[in-house]
Amino acid sequence: MTSVAVPSNQEEWRAALESLPSTPQKIPAFFFAHGSPALVYARGFSGRSDFEQYQGPNGPLANFLKDFGPTLLQKYNPKAVVVFSAHWETLGERLVTEYGDENPLLMDYYGFPQEFYQLKFKSRGDKQLAEQIVGLYKEAGQLARTTSKLEPRGSDGRGFEGPGLDHGVFVPFRLMFGEEFGIPIVEVSIDSSMTPEANWKLGQVVKSLREENVLVLAGGLPIHNLRDFSSFAPDTAQSIHHSFHKAILDALQVNNTQERKKALQDLPKHAGFRACNPREEHFVPLYVAAGAAEDEDLKILNGLYGIPTVAFGV
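Going letter by letter, the sequence shown gives residues 1 to 314 in the UniProt record's numbering.
This is the structure we're talking about:
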(Lines of atoms letter the chains of each structure in order from A and count residues from 1; the text may use other names and numbers.)
(Lines give C-alpha, C1' and ligand atoms only; values in the text may rest on other atoms or scores of the structure.)
Protein backbone atom coordinates (compact mmCIF):
# COMPACT_ATOMS: atom_id res chain seq x y z
CA MET A 1 0.00 0.00 0.00
CA THR A 2 1.30 3.44 -0.91
CA SER A 3 0.12 6.17 1.40
CA VAL A 4 -1.08 9.35 -0.28
CA ALA A 5 -1.87 12.78 1.08
CA VAL A 6 -5.33 12.86 2.61
CA PRO A 7 -6.97 16.32 2.63
CA SER A 8 -7.60 17.49 6.18
CA ASN A 9 -8.38 21.20 5.79
CA GLN A 10 -10.03 23.55 3.32
CA GLU A 11 -6.88 24.42 1.43
CA GLU A 12 -6.09 20.75 0.91
CA TRP A 13 -9.61 19.68 -0.07
CA ARG A 14 -9.91 22.56 -2.52
CA ALA A 15 -6.67 21.41 -4.13
CA ALA A 16 -8.01 17.84 -4.31
CA LEU A 17 -11.27 19.04 -5.87
CA GLU A 18 -9.39 21.15 -8.39
CA SER A 19 -7.26 18.15 -9.34
CA LEU A 20 -10.28 16.03 -10.30
CA PRO A 21 -10.19 15.16 -14.00
CA SER A 22 -12.67 17.08 -16.12
CA THR A 23 -14.21 14.05 -17.78
CA PRO A 24 -17.92 14.57 -18.52
CA GLN A 25 -17.72 11.57 -20.86
CA LYS A 26 -16.99 9.38 -17.82
CA ILE A 27 -17.91 11.04 -14.55
CA PRO A 28 -16.49 9.54 -11.34
CA ALA A 29 -18.91 8.08 -8.80
CA PHE A 30 -18.80 9.73 -5.41
CA PHE A 31 -19.37 8.71 -1.84
CA PHE A 32 -20.03 11.83 0.23
CA ALA A 33 -20.76 12.60 3.86
CA HIS A 34 -24.35 13.82 3.76
CA GLY A 35 -24.51 15.25 7.27
CA SER A 36 -27.78 15.92 9.11
CA PRO A 37 -30.32 18.74 9.54
CA ALA A 38 -27.68 20.35 11.79
CA LEU A 39 -26.02 21.53 8.57
CA VAL A 40 -28.82 24.07 8.28
CA TYR A 41 -29.64 25.00 11.88
CA ALA A 42 -27.52 24.16 14.89
CA ARG A 43 -30.06 25.12 17.53
CA GLY A 44 -31.93 21.84 17.28
CA PHE A 45 -28.85 20.18 18.76
CA SER A 46 -28.39 22.27 21.91
CA GLY A 47 -26.03 20.84 24.49
CA ARG A 48 -23.85 19.18 21.86
CA SER A 49 -21.45 21.99 21.13
CA ASP A 50 -18.66 19.85 19.65
CA PHE A 51 -21.12 18.24 17.25
CA GLU A 52 -22.59 21.65 16.31
CA GLN A 53 -19.15 23.12 15.63
CA TYR A 54 -18.04 20.16 13.55
CA GLN A 55 -21.15 19.18 11.61
CA GLY A 56 -23.19 22.37 11.99
CA PRO A 57 -23.78 25.22 9.51
CA ASN A 58 -20.37 26.81 10.10
CA GLY A 59 -18.37 23.61 10.45
CA PRO A 60 -15.96 21.87 8.08
CA LEU A 61 -18.60 19.54 6.60
CA ALA A 62 -20.86 22.42 5.57
CA ASN A 63 -17.88 24.31 4.18
CA PHE A 64 -16.73 21.28 2.22
CA LEU A 65 -20.16 20.67 0.70
CA LYS A 66 -20.29 24.29 -0.45
CA ASP A 67 -17.04 23.70 -2.35
CA PHE A 68 -17.94 20.18 -3.51
CA GLY A 69 -21.19 20.93 -5.34
CA PRO A 70 -19.95 23.77 -7.58
CA THR A 71 -16.88 21.70 -8.48
CA LEU A 72 -19.08 18.83 -9.68
CA LEU A 73 -21.10 21.17 -11.89
CA GLN A 74 -18.02 22.91 -13.27
CA LYS A 75 -16.05 19.72 -13.98
CA TYR A 76 -18.85 17.53 -15.32
CA ASN A 77 -21.90 19.62 -16.26
CA PRO A 78 -24.10 16.52 -15.68
CA LYS A 79 -27.41 16.07 -17.45
CA ALA A 80 -28.86 14.33 -14.37
CA VAL A 81 -28.01 13.16 -10.87
CA VAL A 82 -28.69 9.66 -9.52
CA VAL A 83 -28.44 9.54 -5.74
CA PHE A 84 -28.43 6.72 -3.18
CA SER A 85 -29.09 7.71 0.43
CA ALA A 86 -28.61 5.98 3.77
CA HIS A 87 -32.17 7.08 4.54
CA TRP A 88 -33.94 4.99 1.92
CA GLU A 89 -33.61 1.24 1.94
CA THR A 90 -35.71 -1.57 0.51
CA LEU A 91 -35.33 -5.33 0.66
CA GLY A 92 -35.49 -7.47 -2.46
CA GLU A 93 -36.64 -4.72 -4.82
CA ARG A 94 -35.06 -1.49 -6.00
CA LEU A 95 -37.35 1.52 -5.93
CA VAL A 96 -36.55 4.44 -8.21
CA THR A 97 -38.21 7.85 -7.90
CA GLU A 98 -40.26 9.12 -10.81
CA TYR A 99 -41.67 12.31 -9.37
CA GLY A 100 -42.25 14.32 -12.52
CA ASP A 101 -41.94 18.09 -12.68
CA GLU A 102 -41.09 18.61 -9.00
CA ASN A 103 -39.49 16.32 -6.47
CA PRO A 104 -41.34 16.50 -3.14
CA LEU A 105 -39.31 16.53 0.07
CA LEU A 106 -39.70 13.91 2.78
CA MET A 107 -38.68 15.59 6.02
CA ASP A 108 -37.96 12.32 7.75
CA TYR A 109 -36.81 13.72 11.10
CA TYR A 110 -38.76 14.38 14.26
CA GLY A 111 -38.94 16.73 17.23
CA PHE A 112 -37.06 19.65 15.70
CA PRO A 113 -37.97 23.36 15.82
CA GLN A 114 -40.47 24.54 13.22
CA GLU A 115 -37.92 26.09 10.87
CA PHE A 116 -36.48 22.64 10.13
CA TYR A 117 -39.78 21.79 8.44
CA GLN A 118 -39.81 24.89 6.28
CA LEU A 119 -36.67 24.08 4.31
CA LYS A 120 -36.85 24.49 0.54
CA PHE A 121 -35.11 22.57 -2.20
CA LYS A 122 -36.72 22.69 -5.63
CA SER A 123 -35.78 20.10 -8.26
CA ARG A 124 -37.42 17.81 -10.79
CA GLY A 125 -37.34 14.16 -11.71
CA ASP A 126 -36.62 12.41 -15.01
CA LYS A 127 -39.09 9.76 -16.16
CA GLN A 128 -36.88 8.42 -18.94
CA LEU A 129 -33.86 8.06 -16.67
CA ALA A 130 -35.91 6.45 -13.90
CA GLU A 131 -37.25 3.86 -16.33
CA GLN A 132 -33.76 3.30 -17.73
CA ILE A 133 -32.45 2.59 -14.23
CA VAL A 134 -35.27 0.13 -13.57
CA GLY A 135 -34.34 -1.59 -16.82
CA LEU A 136 -30.69 -1.83 -15.80
CA TYR A 137 -31.58 -3.54 -12.53
CA LYS A 138 -33.95 -5.92 -14.25
CA GLU A 139 -31.26 -6.81 -16.80
CA ALA A 140 -29.00 -7.58 -13.84
CA GLY A 141 -31.59 -10.00 -12.47
CA GLN A 142 -32.94 -7.75 -9.73
CA LEU A 143 -36.51 -6.72 -9.04
CA ALA A 144 -37.02 -3.01 -9.63
CA ARG A 145 -39.79 -0.49 -10.29
CA THR A 146 -40.48 3.21 -10.21
CA THR A 147 -42.39 4.95 -7.44
CA SER A 148 -44.47 8.10 -7.91
CA LYS A 149 -45.75 10.98 -5.78
CA LEU A 150 -48.87 8.91 -5.12
CA GLU A 151 -46.95 6.29 -3.14
CA PRO A 152 -45.69 7.11 0.37
CA ARG A 153 -42.15 5.98 1.10
CA GLY A 154 -41.82 7.00 4.73
CA SER A 155 -42.88 9.11 7.71
CA ASP A 156 -42.60 12.89 7.57
CA GLY A 157 -41.88 14.88 10.71
CA ARG A 158 -44.78 17.16 9.81
CA GLY A 159 -47.11 14.32 10.70
CA PHE A 160 -47.92 12.28 7.60
CA GLU A 161 -46.71 9.43 5.42
CA GLY A 162 -45.38 10.75 2.15
CA PRO A 163 -43.13 10.48 -0.90
CA GLY A 164 -40.06 12.55 -1.59
CA LEU A 165 -36.32 13.02 -1.50
CA ASP A 166 -35.16 12.34 2.07
CA HIS A 167 -33.05 14.65 4.21
CA GLY A 168 -29.89 12.72 3.31
CA VAL A 169 -30.42 14.23 -0.14
CA PHE A 170 -32.07 17.62 0.12
CA VAL A 171 -30.17 18.88 3.18
CA PRO A 172 -26.67 18.53 1.66
CA PHE A 173 -27.90 19.33 -1.84
CA ARG A 174 -29.15 22.74 -0.64
CA LEU A 175 -25.59 23.56 0.37
CA MET A 176 -24.04 21.99 -2.71
CA PHE A 177 -26.38 23.31 -5.38
CA GLY A 178 -28.59 26.03 -3.89
CA GLU A 179 -32.31 26.01 -3.10
CA GLU A 180 -33.32 25.65 -6.77
CA PHE A 181 -31.55 23.07 -8.91
CA GLY A 182 -32.28 22.80 -12.60
CA ILE A 183 -30.72 19.36 -13.19
CA PRO A 184 -33.02 16.33 -12.77
CA ILE A 185 -32.56 14.16 -9.68
CA VAL A 186 -33.55 10.50 -9.40
CA GLU A 187 -33.15 8.67 -6.09
CA VAL A 188 -32.62 4.90 -5.83
CA SER A 189 -33.04 2.82 -2.66
CA ILE A 190 -30.10 1.01 -1.09
CA ASP A 191 -30.30 -2.69 -0.14
CA SER A 192 -31.56 -3.23 3.40
CA SER A 193 -29.80 -6.59 3.64
CA MET A 194 -26.93 -4.24 4.53
CA THR A 195 -24.34 -6.65 3.15
CA PRO A 196 -21.29 -5.13 1.48
CA GLU A 197 -21.65 -7.29 -1.63
CA ALA A 198 -25.36 -6.57 -2.21
CA ASN A 199 -24.79 -2.83 -2.08
CA TRP A 200 -21.59 -3.09 -4.12
CA LYS A 201 -23.69 -4.72 -6.85
CA LEU A 202 -26.12 -1.78 -6.79
CA GLY A 203 -23.27 0.44 -7.89
CA GLN A 204 -22.10 -2.03 -10.54
CA VAL A 205 -25.52 -1.90 -12.19
CA VAL A 206 -25.47 1.89 -12.70
CA LYS A 207 -21.81 2.06 -13.72
CA SER A 208 -22.75 2.63 -17.38
CA LEU A 209 -24.61 5.84 -16.51
CA ARG A 210 -21.29 7.48 -15.77
CA GLU A 211 -20.58 7.36 -19.52
CA GLU A 212 -23.92 9.02 -20.28
CA ASN A 213 -23.14 12.28 -18.48
CA VAL A 214 -25.00 11.17 -15.35
CA LEU A 215 -23.55 11.97 -11.93
CA VAL A 216 -23.80 9.07 -9.44
CA LEU A 217 -23.69 10.08 -5.77
CA ALA A 218 -24.04 7.86 -2.68
CA GLY A 219 -24.45 9.57 0.68
CA GLY A 220 -23.97 8.41 4.23
CA LEU A 221 -21.81 8.91 7.32
CA PRO A 222 -19.28 6.15 8.07
CA ILE A 223 -19.33 7.09 11.74
CA HIS A 224 -22.98 7.38 12.77
CA ASN A 225 -23.91 6.42 16.32
CA LEU A 226 -26.91 8.33 17.65
CA ARG A 227 -26.51 6.50 20.95
CA ASP A 228 -23.13 8.13 21.43
CA PHE A 229 -22.95 11.69 20.12
CA SER A 230 -19.33 11.91 21.23
CA SER A 231 -18.50 9.77 18.18
CA PHE A 232 -19.50 12.50 15.73
CA ALA A 233 -16.70 14.97 16.43
CA PRO A 234 -12.95 14.34 16.58
CA ASP A 235 -12.36 16.15 19.87
CA THR A 236 -14.90 14.02 21.76
CA ALA A 237 -14.53 10.73 19.89
CA GLN A 238 -12.83 7.84 21.62
CA SER A 239 -9.74 6.05 20.36
CA ILE A 240 -11.87 3.19 18.99
CA HIS A 241 -13.73 5.68 16.76
CA HIS A 242 -10.49 7.22 15.50
CA SER A 243 -9.08 3.74 14.88
CA PHE A 244 -12.02 2.85 12.66
CA HIS A 245 -11.78 6.11 10.74
CA LYS A 246 -8.10 5.38 10.07
CA ALA A 247 -9.03 1.86 8.91
CA ILE A 248 -11.39 3.35 6.32
CA LEU A 249 -8.68 5.62 4.94
CA ASP A 250 -6.17 2.76 4.95
CA ALA A 251 -8.57 0.52 2.98
CA LEU A 252 -9.22 3.27 0.44
CA GLN A 253 -5.48 3.68 -0.13
CA VAL A 254 -4.87 0.06 -1.13
CA ASN A 255 -3.59 0.26 -4.70
CA ASN A 256 -4.62 -3.11 -6.13
CA THR A 257 -8.33 -2.93 -6.93
CA GLN A 258 -9.18 -6.48 -5.86
CA GLU A 259 -7.21 -6.13 -2.63
CA ARG A 260 -8.89 -2.78 -2.04
CA LYS A 261 -12.32 -4.34 -2.52
CA LYS A 262 -11.50 -6.98 0.07
CA ALA A 263 -10.14 -4.38 2.48
CA LEU A 264 -13.28 -2.26 2.12
CA GLN A 265 -15.63 -5.22 2.48
CA ASP A 266 -13.72 -6.39 5.56
CA LEU A 267 -14.28 -3.09 7.38
CA PRO A 268 -17.42 -4.33 9.20
CA LYS A 269 -15.16 -6.88 10.91
CA HIS A 270 -13.07 -4.10 12.47
CA ALA A 271 -13.19 -3.95 16.26
CA GLY A 272 -14.52 -0.39 16.12
CA PHE A 273 -17.23 -0.91 13.52
CA ARG A 274 -20.15 -1.34 15.94
CA ALA A 275 -19.03 1.54 18.13
CA CYS A 276 -19.26 3.70 15.00
CA ASN A 277 -22.23 2.01 13.31
CA PRO A 278 -24.79 0.29 15.56
CA ARG A 279 -26.53 -0.42 12.25
CA GLU A 280 -24.93 -0.38 8.81
CA GLU A 281 -27.26 1.87 6.80
CA HIS A 282 -25.01 4.93 6.91
CA PHE A 283 -21.94 2.90 6.01
CA VAL A 284 -23.03 0.77 3.05
CA PRO A 285 -23.51 3.68 0.59
CA LEU A 286 -19.70 3.63 0.44
CA TYR A 287 -20.01 0.25 -1.28
CA VAL A 288 -22.53 1.58 -3.81
CA ALA A 289 -20.10 4.28 -4.97
CA ALA A 290 -17.16 1.87 -4.97
CA GLY A 291 -19.10 -0.68 -7.00
CA ALA A 292 -19.81 1.89 -9.69
CA ALA A 293 -16.06 2.14 -10.40
CA GLU A 294 -14.58 -0.98 -8.86
CA ASP A 295 -11.70 -1.51 -11.30
CA GLU A 296 -10.60 2.11 -11.37
CA ASP A 297 -8.50 4.46 -9.29
CA LEU A 298 -9.93 6.68 -6.59
CA LYS A 299 -9.15 9.98 -4.93
CA ILE A 300 -9.91 10.93 -1.34
CA LEU A 301 -11.29 14.46 -1.54
CA ASN A 302 -11.89 14.98 2.16
CA GLY A 303 -10.29 12.79 4.81
CA LEU A 304 -11.55 14.60 7.89
CA TYR A 305 -12.62 12.43 10.81
CA GLY A 306 -16.01 10.80 10.23
CA ILE A 307 -16.95 12.88 7.17
CA PRO A 308 -14.91 11.58 4.22
CA THR A 309 -15.77 12.13 0.59
CA VAL A 310 -14.25 9.90 -2.09
CA ALA A 311 -14.21 10.01 -5.91
CA PHE A 312 -14.23 6.52 -7.45
CA GLY A 313 -13.17 6.26 -11.08
CA VAL A 314 -10.57 8.99 -11.58
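Even for Gly, the Cβ is constructed at its ideal location relative to N, Cα and C.
Under the assumption that residue i contacts residue j (Cβ atoms under 8 Å), give the Cβ distance between them as a whole number of angstroms.
{"i": "residue 203", "j": "residue 314", "result": "Actually they are not in contact, since the Cβ atoms of residue 203 and residue 314 sit about 15 Å apart, beyond 8 Å."}
{"i": "residue 88", "j": "residue 153", "result": "7 Å"}
{"i": "residue 107", "j": "residue 156", "result": "5 Å"}
{"i": "residue 337", "j": "residue 245", "result": "Given a span of 1 to 314 for the chain in the structure shown, any question on residue 337 remains unanswerable."}
{"i": "residue 248", "j": "residue 6", "result": "Their Cβ separation, rounded to whole angstroms, is 11 Å, which puts residue 248 and residue 6 out of contact at 8 Å."}
{"i": "residue 54", "j": "residue 229", "result": "Their Cβ separation, rounded to whole angstroms, is 11 Å, which puts residue 54 and residue 229 out of contact at 8 Å."}
{"i": "residue 75", "j": "residue 22", "result": "5 Å"}
{"i": "residue 172", "j": "residue 265", "result": "Between residue 265 and residue 172 the Cβ distance is about 26 Å, and since that is not below 8 Å, they are no contact."}
{"i": "residue 20", "j": "residue 311", "result": "6 Å"}
{"i": "residue 163", "j": "residue 151", "result": "6 Å"}
Alpha helix (DSSP H) containing residue i: first to last residue?
{"i": "residue 250", "result": "239-252"}
{"i": "residue 198", "result": "196-205"}
{"i": "residue 139", "result": "127-139"}
{"i": "residue 84", "result": "Not the alpha helix (DSSP H): residue 84 falls in the beta strand (DSSP E), residues 80-90."}
{"i": "residue 191", "result": "No alpha helix (DSSP H) holds residue 191; the beta strand (DSSP E) holding it covers 185-191."}
{"i": "residue 50", "result": "49-55"}
{"i": "residue 274", "result": "273-276"}
{"i": "residue 39", "result": "Unbroken run through residue 39: none, as it is neither H nor E."}
{"i": "residue 287", "result": "285-291"}
Distance check for residue j and residue i, CA to CA, integer angstroms please.
{"i": "residue 69", "j": "residue 63", "result": "11 Å"}
{"i": "residue 333", "j": "residue 271", "result": "Residue coverage of the chain in this structure runs from 1 to 314, which leaves residue 333 outside it and unanswerable."}
{"i": "residue 81", "j": "residue 26", "result": "14 Å"}
{"i": "residue 129", "j": "residue 186", "result": "8 Å"}
{"i": "residue 36", "j": "residue 120", "result": "15 Å"}
{"i": "residue 250", "j": "residue 48", "result": "29 Å"}
{"i": "residue 73", "j": "residue 17", "result": "12 Å"}
{"i": "residue 216", "j": "residue 29", "result": "5 Å"}
{"i": "residue 161", "j": "residue 226", "result": "23 Å"}
{"i": "residue 144", "j": "residue 41", "result": "36 Å"}
{"i": "residue 242", "j": "residue 286", "result": "18 Å"}
{"i": "residue 263", "j": "residue 114", "result": "43 Å"}
{"i": "residue 56", "j": "residue 139", "result": "42 Å"}
{"i": "residue 176", "j": "residue 238", "result": "30 Å"}
{"i": "residue 133", "j": "residue 194", "result": "21 Å"}
{"i": "residue 71", "j": "residue 267", "result": "30 Å"}
{"i": "residue 303", "j": "residue 149", "result": "37 Å"}
{"i": "residue 211", "j": "residue 118", "result": "37 Å"}
{"i": "residue 280", "j": "residue 269", "result": "12 Å"}
{"i": "residue 206", "j": "residue 290", "result": "11 Å"}
{"i": "residue 52", "j": "residue 253", "result": "30 Å"}
{"i": "residue 261", "j": "residue 218", "result": "17 Å"}
Quick one, are the C-beta atoms of residue i and residue j less than 7 Å apart?
{"i": "residue 221", "j": "residue 282", "result": "yes"}
{"i": "residue 190", "j": "residue 31", "result": "no"}
{"i": "residue 135", "j": "residue 100", "result": "no"}
{"i": "residue 102", "j": "residue 127", "result": "no"}
{"i": "residue 105", "j": "residue 61", "result": "no"}
{"i": "residue 284", "j": "residue 199", "result": "yes"}
{"i": "residue 33", "j": "residue 309", "result": "yes"}
{"i": "residue 293", "j": "residue 240", "result": "no"}
{"i": "residue 123", "j": "residue 181", "result": "yes"}
{"i": "residue 137", "j": "residue 94", "result": "yes"}
{"i": "residue 58", "j": "residue 24", "result": "no"}
{"i": "residue 109", "j": "residue 167", "result": "yes"}
{"i": "residue 192", "j": "residue 91", "result": "yes"}
Where do the ends of the beta strand (DSSP E) carrying residue i lie?
{"i": "residue 66", "result": "Element bounds for residue 66: not the beta strand (DSSP E) but the alpha helix (DSSP H), 60-76."}
{"i": "residue 174", "result": "Element bounds for residue 174: not the beta strand (DSSP E) but the alpha helix (DSSP H), 167-177."}
{"i": "residue 217", "result": "214-220"}
Taking DSSP's pairing of strands, which residues face residue i in a bridge?
{"i": "residue 154", "result": "162"}
{"i": "residue 302", "result": "309"}
{"i": "residue 261", "result": "In the DSSP output, where bridge partners are listed per residue, residue 261 has none listed."}
{"i": "residue 122", "result": "180"}
{"i": "residue 95", "result": "145"}
{"i": "residue 29", "result": "216, 312"}
{"i": "residue 11", "result": "Residue 11 is not bridged to any residue."}
{"i": "residue 105", "result": "165"}
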